[in-house]
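**Q**
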Amino acid sequence: MAEALEAIKALATGFATTFKHLFRKPITEEYPEFKRTLPERTRARIILTRDPDGGERCVACYLCSAVCPVSCISMQSAEKEDGRRYATWFRINFARCIYCGLCEEACPTSAIQLTAMFETCERDILTLVYEKEDLLVDHGGKDKEYNFYKYAGVVTQEGGKGEHIKEDKPVNVKSNLP
Amino acid sequence: MDWIIGIIVLIVKLGLVLVGLLLLAAYLVWVERKFLARLQIRYGPNRAGKFGLLQPIADALKLMVKEDTVPEAADRILFLLAPAVVATSALLMFAVVPFGSHLTLWGKKIPLVITDLNVGLLYVFALSSLGVYGVALGGWASNSKYSLLGGIRGAAQMISYELALGLSLVPIVMHAGSFSIVDIVNAQAKYPFILLQPFAFVIFIVSAMAESKRIPFDLPEAENELGAGYHTEYSGMRFGLFFLGEYVHMQVLGAFVAVFFLGGWRGPLLPAPVWLFIKIILVALIMIWIRGTLPRLRYDQLMAVGWKVLIPAALLNIMVTGAILLI
Chain V
234 MAEALEAIKA LATGFATTFK HLFRKPITEE YPEFKRTLPE RTRARIILTR DPDGGERCVA
294 CYLCSAVCPV SCISMQSAEK EDGRRYATWF RINFARCIYC GLCEEACPTS AIQLTAMFET
354 CERDILTLVY EKEDLLVDHG GKDKEYNFYK YAGVVTQEGG KGEHIKEDKP VNVKSNLP
Chain A
4 MDWIIGIIVL IVKLGLVLVG LLLLAAYLVW VERKFLARLQ IRYGPNRAGK FGLLQPIADA
64 LKLMVKEDTV PEAADRILFL LAPAVVATSA LLMFAVVPFG SHLTLWGKKI PLVITDLNVG
124 LLYVFALSSL GVYGVALGGW ASNSKYSLLG GIRGAAQMIS YELALGLSLV PIVMHAGSFS
184 IVDIVNAQAK YPFILLQPFA FVIFIVSAMA ESKRIPFDLP EAENELGAGY HTEYSGMRFG
244 LFFLGEYVHM QVLGAFVAVF FLGGWRGPLL PAPVWLFIKI ILVALIMIWI RGTLPRLRYD
304 QLMAVGWKVL IPAALLNIMV TGAILLI
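Taken in sequence, the protein lines are chains V and A.
Position 142, counted from 1, in the first sequence is what this note's numbering calls 375; the numbers after and before it change by one each time, with no gaps.
Position 283, counted from 1, in the second sequence is what this note's numbering calls 286; the numbers after and before it change by one each time, with no gaps.
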């Protein structure tokens with residue numbers, strides 16, 4: 234008998250709880266009207282960023298293209314007169330991209346980055362193929378100060394041998410013997 | 004000449020009831036989705052039209068234009084027939100529900116019921132047993148393990164709750180002294196039977212919910228274990244027919260709760276069909292509330308409740324009612 238009473242009490246509390254919820258304001262965020270600010274590291278539409286001086290960061294090393302699990306990144310590398318490498322063309326097929334973020338992790342120059350812009354739906358699937366002009370932005374993304382050629386030991390206009398940040402002058406290997 | 008007028012009147016009544024039932028079934032889906040959403044502090048459908056009122060129409064259109072697939076290994080004829088069995092058996096049950104006493108048109112009395120069978124109650128039970136065939140055959144003909152399990156569960160569940168359903172209404176028949184549903188409503192002219200038979204009411208509601216395969220008795224379709232149970236393999240409007248059957252069943256259940264326990268179309272002020280409508284909606288809302296609150300029963304619990312609680316309680320209720328009526 235006590236068991237039955239307990240069961241009835243449990244049922245009544247359950248029904249009371251759901252009934253009370255009937256008069257609460259719904260907590261739904263109604264998407265197209267209300268857009269919540271997404272976390273900084275949300276993985277969506279990919280951009281190609283520039284260094285603080287406005288140069289393209291991408292050095293066309295093919296690492297992102299190699300690591301991409303769905304092979305949606307392709308490019309052609311070339312070299313400027315001053316020794317800076319760049320991509321003559323750079324293409325991302327967003328119809329294939331799974332937004333895993335591996336390209337961003339692989340990038341040695343912080344060039345390729347994922348942004349929070351996720352509303353990329355299109356009627357025509359071919360409009361989802363983005364060329365370099367569509368991908369390039371004029372800011373540094375998440376890593377604003379970084380300039381790859383100021384650190385890398387590559388001779389460009391940014392500096393010759395031993396003139397980069399945290400780089401020692403080249404030593405004469407002949408005089409450096411033990 | 005008389006029989007032609009009779010047939011015309013019958014067809015008009017059939018048409019009105021059918022359209023009413025189907026429209027109400029569509030909007031019952033909307034009511035359920037809205038009400039259930041509010042119970043879970045959500046909004047529910049609110050995109051198609053004002054308050055999402057066009058949602059049922061959009062759903063129906065979508066179901067109709069979807070491809071109607073038949074699995075290669077399925078038993079084709081049975082597979083195609085099973086949804087119709089479910090939908091028609093649910094729709095036909097409404098034929099004996101009175102929605103008013105009678106209309107007088109051009110000096111002729113037109114009873115507001117499609118047919119006043121003298122065994123109306125038995126007709127209802129017969130049809131609700133037929134509904135089991137739709138579920139069991141649909142599950143079997145799909146030739147899929149999920150469907151088969153759903154169908155077996157459906158058959159077992161509905162057969163065991165049929166007993167309690169029938170037995171719970173025997174006291175009502177004893178009070179009214181007739182199997183005719185019109186007579187049963189007329190017997191409640193002074194007071195509804197729920198005051199006389201509260202236990203029968205509870206037993207009837209529980210077993211009728213099990214009959215209509217709704218949460219907490221939705222074992223035949225148990226989404227998280229069986230995919231979608233007996234209608235896993237169905238698509239398009241054939242799935243829609245199962246769906247329609249379920250919601251028509253909900254209305255029929257509401258109508259029978261009203262007819263057997265709440266005095267049917269009787270009520271003050273408002274016209275008779277409106278009272279029946281209000282009672283149907285009320286029962287439907289309570290069923291949705293139950294759905295929003297209770298989890299699904301386990302299979303053994305389901306059987307234990309049916310055979311060890313509801314059937315003995317219903318038998319006891321019959322004996323006590325009989326004893327009281329004799330004294």
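Where a beta carbon is used, it is the ideal one built from N, C-alpha and C, also for glycine.
What you are looking at is a predicted structure, and each value in this text was computed from that prediction instead of being measured.
Which of helix, strand or coil does DSSP assign to Met308 (chain V)?
**A** Here Met308 (chain V) sits in strand by DSSP.
**Q** Using a 10 Å radius around the Cβ and a threshold of 16 neighbouring Cβ atoms, would you call Glu273 (chain V) buried or exposed?
**A** Counting Cβ neighbours within 10 Å, Glu273 (chain V) comes out exposed, since fewer than 16 surround it.
**Q** Which same chain residues end up closer than 7 angstroms to Pro114 (chain A) when comparing Cβ atoms and leaving out the 5 residues on each side of it in sequence?
**A** Hits under 7 angstroms: His105.
**Q** Can you tell me whether Ser304 (chain V) is buried or exposed? The criterion is at least 16 other CB atoms within 10 Å of its CB, across all chains shown.
**A** Flag for Ser304 (chain V) reads exposed.
**Q** Excluding the 5 residues flanking Tyr149 (chain A) on each side, which residues of the same chain have their C-beta closer than 8 angstroms to its C-beta?
**A** Correct list, in chain order: Leu229, Gly230, Ala231, Gly232, Thr235.
**Q** Suppose you measure from the CA of Thr261 (chain V) to the CA of Ala225 (chain A); what does that come to, to the nearest Å?
**A** So the alpha carbons of these two residues sit roughly 27 angstroms apart.
**Q** Which residue wins for smallest C-alpha separation from Ala76 (chain A), given the options A:Pro274, A:Arg241, A:Ser147?
**A** With distances taken between Cα atoms, Ala76 (chain A) lies closest to A:Ser147.
**Q** Quick check: what's the CA-CA separation for Ile14 (chain A) versus Val20 (chain A)?
**A** C-alpha separation (whole angstroms): 10 angstroms.
**Q** Can you say whether Lys282 (chain A) is buried or exposed, counting buried as having 16 or more other CB atoms within 10 angstroms of its CB?
**A** With 16 or more Cβ atoms within 10 Å of its Cβ, Lys282 (chain A) is classed as buried.
**Q** Can you name the residues that DSSP bridges to His105 (chain A)?
**A** For His105 (chain A), which the question treats as bridged, DSSP gives the partners A:Pro114.
**Q** Reducing DSSP to helix, strand and coil, say where Phe179 (chain V) ends up.
**A** Given a span of 234 to 411 for chain V in the structure shown, any question on residue 179 (chain V) remains unanswerable.
**Q** On the DSSP bridge assignment, give the partners of Ile314 (chain A) in chain order.
**A** Paired residues: none, contrary to the question.
**Q** Spell out whether any CB of chain A is found under 7 angstroms from the CB atom of Ile345 (chain V).
**A** Cβ-Cβ to chain A under 7 angstroms: no for Ile345 (chain V).
**Q** Would you call Gly393 (chain V) buried or exposed, if buried means 16 or more other Cβ atoms sit within 10 Å of its Cβ?
**A** Gly393 (chain V) comes out exposed.
**Q** Please go through the same chain and pick out, in chain order, the residues whose beta-carbon is closer than 8 angstroms to the beta-carbon of Ser343 (chain V), but skip the five residues on each side of it.
**A** So the list reads Thr282, Arg290, Gly373, Gly374, Lys375, Asp376, Tyr379, Phe381, once near-sequence residues are dropped.
**Q** So, do the region 327 to 339 of chain V and the region 248 to 262 of chain V have three or more beta carbon pairs nearer to each other than 8 angstroms?
**A** No, because fewer than three Cβ pairs between the region 327 to 339 of chain V and the region 248 to 262 of chain V fall closer than 8 angstroms, the two stretches do not touch.
**Q** When the Cα atoms are used, what is the spatial distance from Arg269 (chain V) to Arg278 (chain V)?
**A** Spanning the two alpha carbons is a distance of roughly 17 angstroms.
**Q** Beta-carbon separation of Gln191 (chain A) and Gly266 (chain A) under 7 angstroms?
**A** A contact, by the Cβ cut-off of 7 angstroms.
**Q** With a Cβ-Cβ cutoff of 7 angstroms, do Leu81 (chain A) and Ala139 (chain A) count as a contact?
**A** Cβ atoms of Leu81 (chain A) and Ala139 (chain A): not closer than 7 angstroms.
**Q** Considering Cα atoms alone, identify which of V:Pro259, V:Phe323, V:Val362 is closest to Val292 (chain V).
**A** Minimum Cα distance to Val292 (chain V) is reached at V:Phe323.
**Q** Which residues bound the alpha helix (DSSP H) around Gln346 (chain V)?
**A** No alpha helix (DSSP H) holds Gln346 (chain V); the beta strand (DSSP E) holding it covers 345 to 347.
**Q** Quick one: any contact between the region 312 to 320 of chain V and the region 398 to 406 of chain V, if contact means 3 or more CB pairs under 8 angstroms?
**A** No contact exists between the region 312 to 320 of chain V and the region 398 to 406 of chain V.
**Q** Suppose you measure from the CA of Gly239 (chain A) to the CA of Val68 (chain A); what does that come to, to the nearest Å?
**A** The straight-line gap from Cα to Cα measures roughly 7 angstroms.
**Q** Reducing DSSP to helix, strand and coil, say where Arg318 (chain V) ends up.
**A** Strand, per DSSP.
**Q** Would you say the region 247 to 267 of chain A touches the region 292 to 300 of chain A, given that touching needs at least three Cβ pairs under 8 angstroms?
**A** Judged by Cβ distances under 8 angstroms, the region 247 to 267 of chain A makes no contact with the region 292 to 300 of chain A, as fewer than three pairs qualify.
**Q** Measure the alpha-carbon distance for Lys193 (chain A) versus Ser181 (chain A) and round it to whole angstroms.
**A** Approximately 17 angstroms, taken between the alpha carbons.
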